[in-house]
Structure formats: C-alpha cells, structure tokens
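The numbering used here applies: residue 2 is where the sequence shown begins, and numbers increase by one. Virtual Cβ for every residue (Gly too), placed ideally from N, Cα, C. Remember, it's a predicted structure, so these values are computed and weren't measured experimentally.
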Amino acid sequence: MVIDNKLKLKNLHLKEKLEKIKLVITDNDGVLTDNGVFYSAEGEVFKRFSIRDGMGVERLRKYANVETIIMTGEESGSVKARAKKLNINEYYLGVKKKQELLQTIMEKNKITAEEIAFIGDDSNDFEIMKLVGFRATPSDGMSFIREIADYVCKNRGGNGAFRELAELLIAFKNEK
Numbered sequence: 002m003v004i005d006n007k008l009k010l011k012n013l014h015l016k017e018k019l020e021k022i023k024l025v026i027t028d029n030d031g032v033l034t035d036n037g038v039f040y041s042a043e044g045e046v047f048k049r050f051s052i053r054d055g056m057g058v059e060r061l062r063k064y065a066n067v068e069t070i071i072m073t074g075e076e077s078g079s080v081k082a083r084a085k086k087l088n089i090n091e092y093y094l095g096v097k098k099k100q101e102l103l104q105t106i107m108e109k110n111k112i113t114a115e116e117i118a119f120i121g122d123d124s125n126d127f128e129i130m131k132l133v134g135f136r137a138t139p140s141d142g143m144s145f146i147r148e149i150a151d152y153v154c155k156n157r158g159g160n161g162a163f164r165e166l167a168e169l170l171i172a173f174k175n176e177k
C-alpha cells in the first residue's frame with residue numbers, strides 16, 4: 002500500500018509538470034542517436050537515427066500540439082537533414098552553452114521555462130536541464146544527468162528514448 006501511494010504521488014507530480022509542457026527541446030547525440038558516428042578520411046559520414054523517435058516528433062505535434070526543437074553542440078549536416086525530414090523548423094547546431102540560448106527560445110515561442118521539457122544525456126545538457134519545467138534522459142544517460150531527471154526512459158539513446166518521452170507526454174496531456 003505504501004508503494005502504491007508513492008507511485009500515485011510520483012505520477013501526480015509528473016502529471017502536474019507534463020500538463021504544462023508546450024515545447025520539447027532535445028539533444029541530438031545520445032538522445033536521437035546512439036552516440037555513434039561513422040567517419041571516413043573526409044570526416045563524418047553518417048549517424049543512425051531511430052524511425053520510432055521520428056514518429057514521436059510527429060505524434061507529439063499531432064496528438065499533444067507540442068513542437069520539438071533540436072539543440073546540439075555538434076555542427077552536423079545529418080542533424081539539418083533529419084530536422085528537415087521531421088518538419089522541425091527550429092534547430093540549433095554548435096551550441097556549447099545550451100542554457101544561454103534558453104531565453105531566446107522562450108521569447109521566440111512565447112513560453113516560460115516551466116512549459117519546456119528537455120531530454121539530454123551528458124554534461125553539456127546539465128545546466129539547461131536545471132532550468133526547464135521537465136527533464137528526461139535516456140536509460141544510458143550519464144549518472145549525474147539521471148540524478149536530476151524527472152523521468153529516466155527505459156530505452157537507450159537512439160533506440161526509442163525520445164519516442165518514450167513523446168508517448169508519456171501524449172498520455173498525460175490527453176488523460177481524461
């Protein structure tokens with residue numbers, strides 16, 4: 002019975018946070034990809050993205066009226082191509098201090114930090130995660146990121162973690 006009450010309280014806490022979300026910002030490497038990259042002598046050749054995560058972006062838009070922004074420290078053409086494929090119009094490449102871009106995103110989208118969810122996995126996500134309304138990480142996110150996350154996905158980065166967050170948001174936003 003004690004466990005059930007704790008789970009109910011945790012779900013109520015999650016519900017209160019998730020109901021406010023109007024925008025999801027996601028890191029790329031380690032969230033939308035499995036952290037792997039293929040290189041040739043000319044440099045980066047390609048990264049692997051999950052089709053299920055892509056469907057999560059579409060479902061968030063359609064069933065929860067929530068848009069997605071990609072924010073990454075990398076300068077990668079594959080991120081631009083993936084954003085275009087998913088109709089993500091707002092993406093930021095080469096961002097070293099993600100928290101410094103948060104105010105610009107809030108003003109551009111006319112929202113507050115409390116209305117933003119962020120999913121990240123590593124040290125360059127830590128500071129921005131402390132500032133937003135909801136924090137998630139893939140199951141293989143770094144331990145210090147898992148410690149501050151509101152939700153640790155069951156799935157690994159590049160293997161459905163973003164989709165899992167999307168479905169969680171959809172479920173809580175459409176709960177009657």
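Span of the beta strand (DSSP E), counted from its first residue to its last, around residue i
| i | result |
| --- | --- |
| L24 | 24-27 |
| E68 | 68-72 |
CB-CB length for residue i against residue j, believed under 8 Å
| i | j | result |
| --- | --- | --- |
| V96 | L87 | About 19 Å; that fails the 8 Å criterion. |
| F135 | D123 | About 18 Å separates the two Cβ atoms, so there is no contact after all. |
| K1 | E116 | Absent from the structure is residue 1, since the part of the chain shown begins at 2 and ends at 177. |
| V58 | I89 | 7 Å |
| I26 | F127 | Contact doesn't hold; Cβ gap of about 14 Å is too wide. |
| L19 | F173 | 4 Å |
| I149 | K131 | 7 Å |
Pair within 7 Å by beta-carbon distance, residue i and residue j
| i | j | result |
| --- | --- | --- |
| G121 | D35 | no |
| A167 | C154 | no |
| I112 | L24 | yes |
| T73 | V80 | yes |
| L169 | A65 | no |
| I129 | Q100 | yes |
| Y93 | A84 | no |
Residue i classed as buried or exposed, judged by whether at least 16 other C-beta atoms fall within 10 angstroms
| i | result |
| --- | --- |
| S144 | exposed |
| I71 | buried |
| G78 | exposed |
| E176 | exposed |
| V32 | buried |
| E165 | buried |
| N29 | buried |
| N125 | buried |
Start and end residues, alpha helix (DSSP H) containing residue i
| i | result |
| --- | --- |
| R136 | Note, R136: premise wrong, no alpha helix (DSSP H); beta strand (DSSP E) at 135-138. |
| F173 | 162-174 |
| I120 | First-last for I120: 117-120, but that is the beta strand (DSSP E), not the alpha helix (DSSP H). |
| E148 | 144-149 |
| D54 | 52-65 |
| L103 | 103-110 |
| R83 | 78-86 |
| N125 | 124-130 |
Within-7 Å CB hit, residue i to chain D
| i | result |
| --- | --- |
| N66 | The structure shown contains no chain D; it holds only a single protein chain. |
Would you call the stretch 41-57 and the stretch 127-142 touching, i.e. three or more CB-CB distances under 8 Å? Touching, no, given that fewer than three Cβ pairs across the two stretches are closer than 8 Å.
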